[in-house]
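J.:
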Ligand SMILES: [Zn+2]
């Protein structure tokens with residue numbers, strides 16, 4: 249009776265590292281530069297979309313408040 253070993257897991261598709269552009273597994277740290285997998289292809293980019301506009305809105309709000317204070321006290 250021969251023992252059948254389970255097939256090895258399929259190799260993960262390598263994606264280019266967002267920092268150093270070397271192909272790497274998107275679920276593990278980049279072995280070259282140590283980039284953590286937070287910026288994987290299926291994770292939202294924090295510097296695009298709603299978060300970016302939210303940050304721009306906060307900056308505009310702070311700018312407007314500062315402008316108002318300066319205009320009223322000058
Ligand atoms: Zn890298």
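Numbering (my numbering), first residue to last: 249 to 322. Beta carbons: idealized from backbone N, C-alpha and C, even for Gly. Note that the coordinates shown come from a computational prediction; the quantities given were computed from them, not determined experimentally.
Tell me which same chain residues have a C-beta within less than 6 Å of the C-beta of residue 267, skipping the five on either side of it?
T.: Closer than 6 Å at the Cβ level, and outside the excluded window around residue 267, lie 281 and 283.
J.: Consult DSSP for residue 285 and reduce its assignment to one of helix, strand or coil.
T.: In the structure shown, residue 285 sits in a helix (DSSP, three-state: H, G or I).
J.: Between which two residues does the alpha helix (DSSP H) harbouring residue 305 extend?
T.: Element bounds for residue 305: 298-321.
J.: Say yes only if the C-beta of residue 267 is nearer than 7 Å to one or more non-hydrogen atoms of ligand 1, and no if none qualify.
T.: Yes, the beta carbon of residue 267 sits closer than 7 Å to at least one heavy atom of ligand 1.
J.: Going along the chain, which residues of its own chain have a beta-carbon closer than 8 Å to the beta-carbon of residue 271, five neighbours each way excluded?
T.: Same-chain partners within the cutoff: 262, 263, 264 and 265.
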